[in-house]
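Residue numbers (UniProt numbering): 1 to 147.
This report refers to the structure that appears directly beneath it.
See the structure below:
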């Protein structure tokens, strides 16, 4: 179990903290912390505040991901996904939503708009080399293994 410190904005009053909806859920649903409804027309993107500020332990990150139901049913998804929340970031989390559907979509206060997943995060150290070991894949990419 990972303990994450959370601070809420004054506007968060009355909203529950994110929680896991099932015992084995990987992500917690993030809520829209808005005072008035926000309507996204098709093709429009908007930064939606969550009202949450996190203190993530060193060695971890938080990933913001779309909710599959919003994507399938309405074409609403997150841009820059997964969005990375670094352990040293202390600002408010915001969710960049876009309407890829064909109809207007209205976001209301407290609506579940994205998922938050915590994951271990390693920092790499570069080791310059002149030659890399061969692999079965080699330089194949971008669909080389078929569809």
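Don't be surprised by glycine CBs; every beta carbon is placed ideally from N, CA and C.
Please read these numbers as outputs of a predicted model, since none were measured by experiment.
Look at residue 40 here: in three-state DSSP terms it is strand. When C-beta atoms of the segment 3-13 are compared with those of the segment 55-66, three or more pairs fall below 8 angstroms, so the two segments count as touching. The segment 121-132 makes no contact with the segment 95-105; the number of CB pairs closer than 8 angstroms stays below 3.
As summarised for the segment 67-93, the continuous beta strand (DSSP E) elements at least 3 residues long and confined to that stretch are 76-78, 83-85, given in chain order. Straight-line measurement puts the Cα of residue 20 at about 29 angstroms from the Cα of residue 104. For residue 118, the closest C-alpha among the options 82, 51, 67 is that of 82. DSSP places residue 28 inside the beta strand (DSSP E), whose first and last residues are 28-31. Spatial neighbours of residue 12 in its own chain (CB-CB distance under 8 angstroms, excluding positions within 5 residues in sequence) are listed in chain order as 33, 51, 52. For the pair of segments examined, the segment 32-49 was found to touch the segment 107-117: the number of CB pairs separated by less than 8 angstroms reaches three. Under the criterion of beta carbons closer than 8 angstroms, residue 9 and residue 92 qualify as touching, at roughly 6 angstroms.
Of the other Cβ atoms in all chains shown, 16 or more fall within 10 Å of the Cβ of residue 62; this residue is therefore buried.
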